[in-house]
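Asker:
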Amino acid sequence: MDIGTIYDLGTVDLGTYVKNYGNSRFGAETRKRTKVCLNANHSSPTAEVVQRLHMWGFSPTVEVVRENALPMWFATTSEVDRWGKGLMLFISYRIEILAVTPRVSALAGCYSIDYDETFSPVAMLKSIRILMAISAYFNYEIWQMDVKTAFLNGKLTEDVYMEQPEGFEDPNNPNKVCKLLKSIYGLKQTSRSWNLHFDEQIKEFGFAKSELEPCVYTKFSGSIVTFLVLYVDDILLIGNDSVKSWLSKCFQMKDLGEAAYILGIKIYRNRSKRLIGLSQSMYIDKILKKFRMDESKKGFIPMQHGIVLSKTQCLVSSQDQDKMKSVPYASAIGSIMYVMLCTRPDVAYSVSVTSRYQQNPGEPHWVAVKNILKYLRRTKDMFLVFGGSEDEISVIGYSDASFQTDRDDFRSQSGYVFTLNGGAISWKSSNQDTIADSTTEAEYIAASDTAKEAVWLRNFLSDLRVVVSVSRPIDIFCDNSGAVAQTKEPREHNKSRHVLRKYHLIREIIGRGDVRICKIPTEDNVADPLTKPLARVKHEAHANSIGMQYLDTSS
1 MDIGTIYDLG TVDLGTYVKN YGNSRFGAET RKRTKVCLNA NHSSPTAEVV QRLHMWGFSP
61 TVEVVRENAL PMWFATTSEV DRWGKGLMLF ISYRIEILAV TPRVSALAGC YSIDYDETFS
121 PVAMLKSIRI LMAISAYFNY EIWQMDVKTA FLNGKLTEDV YMEQPEGFED PNNPNKVCKL
181 LKSIYGLKQT SRSWNLHFDE QIKEFGFAKS ELEPCVYTKF SGSIVTFLVL YVDDILLIGN
241 DSVKSWLSKC FQMKDLGEAA YILGIKIYRN RSKRLIGLSQ SMYIDKILKK FRMDESKKGF
301 IPMQHGIVLS KTQCLVSSQD QDKMKSVPYA SAIGSIMYVM LCTRPDVAYS VSVTSRYQQN
361 PGEPHWVAVK NILKYLRRTK DMFLVFGGSE DEISVIGYSD ASFQTDRDDF RSQSGYVFTL
421 NGGAISWKSS NQDTIADSTT EAEYIAASDT AKEAVWLRNF LSDLRVVVSV SRPIDIFCDN
481 SGAVAQTKEP REHNKSRHVL RKYHLIREII GRGDVRICKI PTEDNVADPL TKPLARVKHE
541 AHANSIGMQY LDTSS
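For the sequence shown, position 68 (counting from the first letter as 1) is numbered 68 according to full-length UniProt numbering, and the numbering increases by one without interruption.
1) Do G397 and T450 have their C-beta atoms within less than 7 Å of each other?
2) Can you grab the Cα-Cα spacing for the pair S127 / V526, in whole Å?
3) Nearest to I267 by alpha carbon, out of S279, S317 and K249?
4) In the DSSP assignment, find the beta strand (DSSP E) that holds Y217 and state where it starts and stops.
5) Give me the residue from Q304, N139 and E141 with the minimum Cα distance to K538.
6) Whole angstroms is fine: what's the gap from K519's alpha carbon to G415's?
7) Please classify M293: does DSSP put it in a helix, a strand, or coil?
8) Can you tell which of V122, D381, V225 and T354 has its C-alpha closest to the C-alpha of S554?
9) If the criterion is Cβ atoms closer than 7 Å, does the pair I130 and I425 meet it?
10) Taking the Cβ atom as the reference point for each residue, do M145 and I284 lie within a distance shorter than 7 Å?
11) Excluding five sequence neighbours on each side, which residues of the same chain lie with their C-beta closer than 8 Å to the C-beta of R274?
12) Using alpha carbons as the reference points, say which of Y161, E141, I134 and W143 lies closest to I113.
13) Give the list of continuous alpha helix (DSSP H) stretches no shorter than 4 residues that lie fully inside the segment 105-155.
14) Strictly by DSSP, which residues pair up with K266?
15) How long is the line joining the alpha carbons of D116 and C178, rounded to whole angstroms?
16) State the Cα-Cα distance for the pair D255 and L180, rounded to the nearest angstrom.
17) Can you tell which of F207, E204, K155 and N431 has its C-alpha closest to the C-alpha of T190?
18) Which value, in whole angstroms, describes the spacing of the CA atoms of A454 and L187?
19) Return the Cβ separation of V385 and L420 in integer angstroms, given the expectation that the two are a contact with Cβ distance under 8 Å.
20) Taking 7 Å as the limit between beta carbons, can you name the residues of its chain near S545, skipping five residues before and five after?
21) Nearest to M337 by CA position, among G277, K428, D552 and Y550, is which residue?
22) Let me know if Y444 comes out buried or exposed under the rule of 16 or more other beta-carbons within 10 Å of its beta-carbon.
23) For E508, count neighbouring Cβ atoms within 10 angstroms of its own Cβ and tell me buried if that reaches 16, exposed if not.
24) Quick one: residues in its chain with C-beta nearer than 6 Å to the C-beta of M340, no 5 flanking neighbours on either side, listed in chain order?
25) Apply the 10 Å Cβ neighbour rule to M124 and answer buried if 16 or more other Cβ atoms are within range, or exposed otherwise.
26) Using the rule of at least 16 other Cβ atoms within 10 Å of the residue's Cβ for burial, across every protein chain shown, is E163 buried or exposed?
27) Can you check whether the CB of R411 is closer than 7 Å to the CB of residue 558?
28) So, at 6 Å on beta carbons, what are the nonlocal neighbours of N240 in its own chain, with the 5 sequence-adjacent residues on each side left out?
29) Given this structure, state the Cα-to-Cα distance separating P165 from A150, to the nearest angstrom.
30) When we look at the beta-carbon of T531 and count the other beta-carbons within 10 Å, is it buried (16 or more) or exposed?
31) Here's the rule I'm using: 16 or more other beta-carbon atoms within 10 Å means buried, otherwise exposed. How should D433 be labelled?
32) Let's test the definition: count the other Cβ atoms within 10 Å of the Cβ of K297 and tell me whether it reaches 16, buried, or not, exposed.
33) Hey, S399 and A446 are a contact pair by Cβ (cut 8 Å); roughly how many whole angstroms apart?
34) Rounding to the nearest angstrom, what Cα-Cα distance links D528 and G362 in this structure?
35) Exposed or buried, which one is P302 when buried takes at least 16 other CB atoms within 10 Å?
36) Tell me whether H365 is buried or exposed, calling it buried when 16 or more other Cβ atoms sit within 10 Å of its Cβ.
This is how it looks when you write it as structure tokens:
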């Protein structure tokens with residue numbers, strides 16, 4: 001058999017098997033040289049899309065499958081002739097109609113043969129918040145677009161073959177298979193192929209990609225600036241809409257007009273006051289109903305002041321553990337966590353604490369989770385607000401730590417929050433990696449973590465080139481005098497000689513002018529709710545200071 005010969009599958013004896021070469025040279029070469037066959041499960045999508053994108057060409061191949069193995073494998077006819085004695089040959093399975101878009105089996109593909117890299121970036125939530133804060137300050141326009149059948153646009157660099165999809169067969173070549181030229185839904189590298197293709201196209205139009213955020217692009221034309229944010233196939237355009245027509249020429253686009261929702265986050269604007277508010281009230285309603293808390297009492301704070309959770313409250317008896325398995329503890333934590341990551345820094349500490357007990361939660365842990373849901377029920381209409389100030393737009397950071405609050409391993413809790421144009425853009429609440437033996441050490445470790453985040457924020461904002469204040473060091477406020485002194489130069493050697501070297505990076509960051517550490521009174525440190533439960537009045541005051549507010553959306 002010569003390469004290019006159309007091999008008639010009907011002449012293959014089903015079950016023909018002579019010898020298994022196993023791990024011999026032939027077996028290894030077979031694994032190395034074979035190509036994956038991808039089952040195209042679809043009903044008739046749009047033939048126009050398939051034809052327009054030139055998604056595949058034909059290749060003279062014969063199907064070769066290892067015994068009891070899925071997915072199916074392909075080799076050229078000459079390779080079959082050379083390897084045939086060590087392989088079992090099968091006739092194609094009939095393709096089932098399962099979906100409305102051309103796609104392949106999720107099981108299809110073999111690493112290093114049919115794909116190598118699969119990673120595809122998406123825009124970080126804090127990047128979206130930063131651009132919202134900037135848009136509110138400069139009163140930029142914000143539009144939203146959606147790419148139709150985005151994953152069908154990517155170009156494949158690997159040799160991938162597919163059976164002719166039902167409804168798209170070539171009557172002149174019924175026994176040939178398709179060699180994919182473009183990516184298709186179901187391939188493991190599809191998302192990456194789409195992202196690389198979009199990146200190539202958008203750069204040709206004059207956009208520059210941020211090295212710190214690979215899904216944020218900027219374009220400057222004189223005094224006109226345009227920002228583009230890509231989240232898989234969702235696009236936010238900020239500033240100038242001239243790119244809309246160009247995108248529509250390159251891809252099939254759906255223009256959604258002014259941005260109203262992004263990733264389930266409602267975007268509210270008051271142009272006269274230059275305000276932008278982000279809310280997840282609809283999502284919160286959904287999770288309240290999911291966990292049957294939509295008619296519960298309303299809570300005033302996410303975690304009761306003075307409450308202590310530990311592993312000693314976990315269940316011991318197998319009977320109690322089996323009973324608790326019916327409680328959707330981990331699911332509730334995950335649902336609340338998305339709210340916290342997007343728009344609700346005020347529940348960051350309570351989520352951090354309750355998420356530690358997912359493996360074996362006890363009744364007190366579940367009560368604590370329900371208290372978070374009760375609090376979200378009362379505050380579901382709250383917005384994370386940017387704007388309302390005529391002052392210079394600048395980044396301000398706050399750092400705090402709570403000494404040995406973890407009753408299980410005596411680790412301290414770190415917390416930080418950064419604000420821009422009046423609203424929180426980045427926050428974190430987490431257990432420290434090491435055990436601190438003093439409040440000063442805990443605060444010093446927290447300040448070091450905060451400084452590293454400040455470096456990223458400063459560099460990213462420098463890439464955007466619209467926030468002039470980042471040319472100066474970012475102020476980070478800490479309420480511990482000893483920690484502030486330690487960040488500037490070594491003090492109290494006997495009490496700090498054991499501190500890990502990585503935490504001293506903050507001194508280098510300060511030395512090169514990226515940040516400046518300042519002392520602030522404890523009652524004014526808005527990072528306090530990220531390290532401990534507070535009483536209602538203080539909790540609400542700090543939440544308001546980082547942009548958590550109610551807005552009148554009736555007008």
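In this text, a Cβ means the ideal position worked out from N, Cα and C, and glycines have one as well.
As the structure is a computational prediction, the values presented were derived from the model and not from experiment.
Answerer: Taking the definition as stated:
1) yes
2) 21 Å
3) S279
4) V216 to S221
5) Q304
6) 16 Å
7) coil
8) D381
9) yes
10) no
11) A136, Y137, N139, G387 and G388
12) Y161
13) 125-138
14) Y261 and S279
15) 21 Å
16) 29 Å
17) K155
18) 38 Å
19) Not really, about 12 Å apart at Cβ, beyond 8 Å.
20) V526
21) K428
22) buried
23) exposed
24) V347, A348 and V351
25) buried
26) buried
27) As displayed, the chain neither begins before 1 nor continues past 555, which places residue 558 out of reach and without an answer.
28) I224 and T226
29) 20 Å
30) buried
31) exposed
32) exposed
33) 5 Å
34) 27 Å
35) buried
36) buried
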